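Residues 1 to 611 (UniProt numbering) are what the sequence shown spells out, left to right. In this text, a Cβ means the ideal position worked out from N, Cα and C, and glycines have one as well. Everything numeric in this text was worked out from a predicted model, so none of it was measured. I have placed the structure first, in the form of structure tokens, so that the comments after it can refer back to it.
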Amino acid sequence: MSKVSKTSIRQLIADMFNTLAFTYRQVFIFELLYKTLTLFIFIPAISFIFHRLLRMGGFAGATNYELLDFAISRYGFLSMLILVPVATMLIFLEFSVLVIIAYYGQNKQRIGLIPAFLQSLAYLPSLFKYGFVGWTLYLLLLFPLLSWGVGSSLLPSLQIPNFISGELFKTGWGTLLYAGVFAVLAYFKIRWSFLLHMIVIEGTYSFRQAAKKSAAIMKKSYFQMSVMMLCVILLFMIVEVLMIALIIGAVTLVSFTLPQETGFAEIVRSVVSKSAVLSMYLVTLFVTPLYITILTRMYTAKADPGHAVLQMPDGNAMENRSSQSRGLLHKHKRKLIVLGLITAFATALALVPAIGDVHLDDKKATIMAHRGYMSKGPENTIEAIQGAIEAHADFAEIDILETKDGELAVIHDTNLKRLTGYDAEVYDLTMDELRKLEVRQGDLTGRISTLAEVMNAAKGKIKLNIEVKTHGYERNLLNTFLRTVRENGFQTHCVVQTLDYEIVQEIKAAEPALQVGYVIFAGIPDIEQIKADFVVVEEYMINESVLASAKLQRKPLYVWTVNEKNSMERFFSMGVDGIITDYPERAIALAEELRSGFLPSLVRWLNNLRF
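Here it is as structure tokens:
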């Protein structure tokens, strides 16, 4: 440990960047090839196997509650038995090759990609034998859940769905629970920073032993690691900002020097846009290698060299291989350059399939106020609906539940304690009993209303997105709902959404004039198989592939519940049809900004680009 005290943070950072500078060619080629294989082979193959087993099991899709039914079926078990080991193996191979390259680079020695890959393959039998469950949970869950911008090509990141975290944050105990779970996960993520190095460098295959060794190395080093990571993140952000500035400069030059309405100008803008995609993508190729290089440099500074079993190659042999490699590269230089350009461009197009024109059209995104405007009144109350009207939202999204006497109450929770302080269930009370309860959120108060009363308050002022919810004690829910819609002439003044796919089909069959949507909170959405007029997805699920599929099927795609400014900007820039948000005024203002011109749109799109 004395070695660590003698090595300053500045020197560690300098050594780390020197290593990356020494190995950048190998890293770049490997990451480009691996990401290309992931996009065009690994992910399509995994998707094919999953959907094949899904169909064999008689499942139309794997979303919401059907996902659980599939998971506990024999075909779901077979899917896990095949895909989990494959995914674990693919993620491990990427990380272990990067660790090997970085470890050799510490001593200014290079190892070929093929030898590094073969060395990684040699670890797999022992990885699957000793503590496989631990390694799987680490690589497929813990690491991507707390990726902090760093992840594998196959599974870049995971996040807790906002419909879960959002509900937790509404109560003090929920917030403490969320913070506690996050703190525990972050603690173990830091303690286990050197897990991969234990396998690759020290040959420790047991997950438990590797975890103990990693924790021992990290002991009393958390501050140093945090400072290094912060410095690297800041440096990467500076590089990203400079690249964005260069791209914006090129776009500005094009805008001022070319006629605005010519076909040639549009072609140039399209080329600049795709160049921006490619440039940002090339930067991301170094994010994960940079992280692995940091950890590897920290490992070599702290670990006992005598524990290493990964031996440095013979210098003469390395030199001979290096000379042969240079000769081979020189001989096929032109072919390799052409192949690299084709691969990079194809990868960029695959990463952003809907990039076509970067969605810089004048289409207005639909803004739906989640449960009304909760800054103006308690959720789902007349006051909240009026707040949404005054904010000029396109829709007020509301929830309905059936009461004991068969009425439709506009309320989200089946249990009333959170909003009223009264511990009772909606299905145990009549509508008259519900009216007597005061709904309170912060300093705002209101009353529970019927669907008909909310329709009366909204008609001619704002459209409604009515979510039909169930509690399991319904008697005549759908017939009552459809009768209420017809009696109030609301067929063209509302849309309907629900988490229950069967209800989607039943409502659409009974009232074809209604636009009925399917709300997806979990699973893998197959837009082509979903028989609904529109689709609503939780924001953690949205990506360019899902968006492109929705546009291909001509189904509007809405995202819920989008409250962060950066998320709003990203989804608007991607070209989603609309969002459901607690802050409609903020969303409307941002949507107008994005529609104000080409340059502001490109700036925000670049700032929110994610791969």
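Alpha-carbon spacing of residue i relative to residue j, whole angstroms
| i | j | result |
| --- | --- | --- |
| Q478 | V519 | The amino acid at residue 478 is misidentified as Gln; the sequence shows Leu. Straight-line Cα distance between these residues: approximately 17 Å. |
| F70 | M80 | 11 Å |
| K459 | M368 | 16 Å |
| L514 | F169 | 34 Å |
| V31 | L98 | In the sequence as displayed, the identity of residue 31 is Glu instead of Val. The alpha-carbon atoms of E31 and L98 are separated by roughly 9 Å. |
| I411 | E564 | 24 Å |
| R74 | H51 | 14 Å |
| W192 | M198 | 10 Å |
| Y422 | R371 | 20 Å |
| R586 | Y373 | 11 Å |
| L594 | I588 | 10 Å |
| G442 | P305 | 59 Å |
| residue 638 | K35 | Residue coverage of the chain in this structure runs from 1 to 611, which leaves residue 638 outside it and unanswerable. |
| F128 | Y187 | 26 Å |
| Y540 | D394 | 23 Å |
| Q529 | G61 | 7 Å |
| Q386 | K551 | 33 Å |
Residue nearest to residue i in terms of C-alpha spacing, selected from the options
| i | options | result |
| --- | --- | --- |
| V516 | I527, K531, Y540 | K531 |
| D428 | R74, R297, D405 | D405 |
| K212 | V535, N566, G134, E502 | G134 |
| D500 | G472, G58, R483, G442 | G472 |
| G446 | A396, E383, T498 | E383 |
| V576 | R586, D582, E538 | E538 |
| Q553 | V535, L185, L140 | V535 |
| S126 | A215, L39, T204, H392 | T204 |
| N476 | M89, D413, G523, L401 | L401 |
| S120 | L158, G442, L196, S73 | L196 |
| N380 | A396, G180, Q106, T498 | A396 |
| T288 | S573, I580, Y24 | Y24 |
| Q505 | D533, T492, Q491, I527 | D533 |
| I454 | F59, K551, N488 | This sequence places Val at residue 454; Ile is not what is there. When each option's Cα is compared against that of V454, the closest is N488. |
| V150 | K129, K189, Q529, L33 | K189 |
| V439 | S549, L419, R208 | L419 |
| T300 | M541, M218, V426, G166 | M218 |
| R208 | E474, Y187, Y130 | Y130 |
| E502 | E66, R10, F48 | E66 |
Outcome for residue i when other beta-carbon atoms lying within 10 angstroms are tallied against a minimum of 16
| i | result |
| --- | --- |
| E592 | exposed |
| Y68 | Per the sequence presented here, residue 68 reads as Leu, with Tyr not at that position. When all chains shown are included, L68 counts as exposed. |
| K364 | exposed |
| A354 | Its pLDDT being 40, under 50, A354 is placed unreliably by the model, and the measurement read from it follows with that caveat. By the 10 Å Cβ count, A354 comes out buried. |
| L547 | buried |
| F194 | buried |
| L139 | buried |
| A183 | exposed |
| E94 | buried |
| L176 | exposed |
| A509 | exposed |
| A216 | exposed |
| T171 | exposed |
| F490 | buried |
| L557 | buried |
| M56 | exposed |
| K417 | exposed |
| K376 | buried |
| Q26 | buried |
| F48 | exposed |
| V559 | buried |
C-beta contact flag for residue i and residue j at 8 Å
| i | j | result |
| --- | --- | --- |
| I101 | A87 | no |
| I389 | K461 | yes |
| S152 | I91 | yes |
| L408 | L464 | no |
| P378 | L444 | yes |
| I111 | L83 | no |
| T414 | F163 | no |
| L185 | L155 | no |
| L145 | L137 | no |
| L53 | L78 | yes |
| F28 | L242 | no |
| I160 | A308 | no |
| G523 | N107 | no |
| M89 | L124 | yes |
| M574 | E544 | yes |
| V495 | I507 | no |
| L234 | Y103 | no |
| I527 | F571 | no |
contact_flag[the stretch 461 to 471, the stretch 431 to 442] where n(CB pairs < 8 Å) is 3 or more: A contact between stretches requires three or more CB pairs, one per stretch, nearer than 8 Å, and the stretch 461 to 471 fails this requirement with the stretch 431 to 442.
Inspect the CB distances between the stretch 12 to 28 and the stretch 288 to 300 and report whether three or more fall short of 8 Å. Counting C-beta pairs with one atom in each stretch, the stretch 12 to 28 and the stretch 288 to 300 have three or more that are closer than 8 Å, which means they touch.
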